[in-house]
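First residue of the sequence shown: 16, per this note's numbering; consecutive thereafter.
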Amino acid sequence: MSEEIKFLPYELALQIVGNVIEEEHIHEPDRRILTVYDKQGHELCWYDAEEIIAEAKPDNPKDKDSLKTAAVEVIMHQIPVWAMEDVLRRAEQQAKREKKKEG
């Protein structure tokens, strides 16, 4: 039995996502993925590029920038809650390290 994935509210996703980059899948050379990074450059999650592009509704499908913008919009509505949990965990670890340096 699989759990239903919960997504972050769009407004929160806008606050934590720093970049979405198209990359080659490391185990499947013919497969493209869209990797999502937070504002500090840490990887949050990734998506199959073909699936996201199929969902995207670009203003001009022949324009690469329009397609990328539409794909990013789809992704911003699908950032899983667990990705935010990873961001919070890293922030807590960083705060602990900084506190040790001070003390």
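The beta carbon of each residue, even a glycine, is placed where N, CA and C say it ideally should be. This one's a predicted model, so the numbers in the text were calculated from it and none came from an experiment.
Between the segment 101-118 and the segment 61-75 there are fewer than three inter-stretch CB-CB distances shorter than 8 angstroms, so the stretches are not counted as touching. Residue nearest to L29 within the set R104, R105, V87 and A106 is V87 (criterion: CA-CA distance). Rounded to whole angstroms, V102 and E19 show a C-alpha spacing of 21 angstroms.
Closest option to V35, judged by alpha-carbon separation, among D53, D78, L27 and A71: D53. For L59, the enclosing beta strand (DSSP E) starts and ends at E58 to D63.
Looking at the DSSP output, D53 bridges to V32.
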